[in-house]
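Engineer: Protein chains in written order, with my numbering: chain D, 19 to 139; chain Y, 19 to 139.
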DNA sequence: TAGGTATTTGGCTAAATCGCCAAGGGTTGC
DNA sequence: GCAACCCTTGGCGATTTAGCCAAATACCTA
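1. According to a CB-to-CB cut-off of less than 8 angstroms, which residues of the region 81-111 of chain D neighbour chain Y?
2. Can residue 111 of chain D and residue 100 of chain D be called in contact, C-beta distance under 9 angstroms?
3. For residue 108 of chain D, which residues from the same chain have a beta carbon less than 6 angstroms from its beta carbon, with the 5 sequence-adjacent residues on both sides left out?
4. Taking Cβ positions only, does residue 135 of chain D come closer than 9 angstroms to chain Y?
5. Looking only at its own chain, which residues have a Cβ that is under 8 angstroms from the Cβ of residue 82 of chain Y, when we skip the five neighbours before and after it?
6. Return no unless some Cβ of chain Y is closer than 9 angstroms to the Cβ of residue 130 of chain D.
7. With H, G and I counted as helix, E and B as strand and the rest as coil, what does DSSP make of residue 81 of chain Y?
8. Within 9 angstroms of any Cβ in chain Y, is that where the Cβ of residue 71 of chain D sits?
9. Of all the alpha helix (DSSP H) runs that stay within the bounds of the region 34-76 of chain D, which reach a length of 4 or more residues?
10. Which residues in chain D have a C-beta closer than 9 angstroms to the C-beta of residue 64 of chain Y? List them in chain order.
11. Quick one, which of Y/134, Y/65, Y/57 has its alpha-carbon nearest residue 80 of chain Y's?
12. Do residue 115 of chain Y and residue 113 of chain D have their CB atoms nearer than 9 angstroms?
13. Could you tell me the boundaries of the beta strand (DSSP E) in which residue 107 of chain Y lies?
14. Quick one: what's got a C-beta closer than 7 angstroms to residue 86 of chain D's C-beta in the same chain, skipping five residues either side?
15. Checking 9 angstroms against the spacing of the C-beta atoms, do residue 48 of chain Y and residue 96 of chain D come in under that value?
16. Kindly indicate the opening and closing residues of the alpha helix (DSSP H) around residue 126 of chain Y.
17. Going by other Cβ atoms of all chains shown within 10 Å of its Cβ, with 16 needed for buried, is residue 94 of chain D buried or exposed?
18. Run the CB neighbour count on residue 105 of chain D, radius 10 Å, all protein chains shown included, and call it buried at 16 or more, exposed below.
19. Name the DSSP bridge partner or partners of residue 102 of chain D?
20. Nearest to residue 117 of chain D by alpha carbon, out of D/63, D/77, D/50, D/43?
21. What's the C-alpha gap between residue 53 of chain Y and residue 50 of chain D?
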């Protein structure tokens, strides 16, 4: 039987934490916030600069209340930050490194698409 | 009124595609596959090398049927690949660049934790 | 103060997800 | 063959998520 904990035990030694995956739950929350086409579109748009809620609502074509909840999720995950100026609330990317994901994800998807098209041959 | 499509129109010009967010749906599927603590733990483990299903099931402490479905999701998203050898099925990371996510996500979470601890002062 | 705009929150229903159990298929070894 | 093991699939109830509407809140202007 292989010792499946050998790598994880090494990790636990470094962090001085029990091998319980609490940090994975926290990290999963970030990915969960990005796991929605509309929210992904908003993040992409925010990479060009800050936007108010009404602009993003028009972009994704949903109710403003829906968009507001999506932005709340992104804020909760630590991906965006908001600032109220007058009657409007402007959102901006908090951690631009999130945009680095897109290149990798795109490569993943193009690889998948390549295989799917090959399956039709 | 601000022209909310100015940036998106530019993007559409480059890609020669309509501004419909079909690619965002595809990308969201990748993030959705990573949006689970158990799957994240498995991906992390697979970054050290290939593992069979029973090893991963013991690692996350779930039924093998549950783990098998999780791995199926990761495979569907193009993140992992599988190979059957004898009675066992080994999974491995297909796109190691996925691991680049973790550093950024960790920075996001530590930033959030910093703010949360500051809120207790 | 009243009215219009911008945003958030609550509530509701439909849909998706999760994890378990049971059942089935494939492989190894006796 | 057949028993044991590895893995996948189907199905089920419980939980979560999505998106709309309505209501509440905050701000600006007249």
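Even glycine gets a Cβ: it sits at the ideal position worked out from N, Cα and C.
Structural biologist: On the basis of the supplied data:
1. 95, 96, 97
2. no
3. 68, 70, 101
4. no
5. 71, 72, 75
6. yes
7. coil
8. no
9. 40-52, 55-64
10. Ordered by position in chain D, no residue passes the 9 angstroms Cβ test against residue 64 of chain Y, which lies about 10 angstroms from the chain.
11. Y/57
12. no
13. 106-111
14. 71
15. no
16. 118-136
17. exposed
18. exposed
19. D/107
20. D/63
21. 5 angstroms
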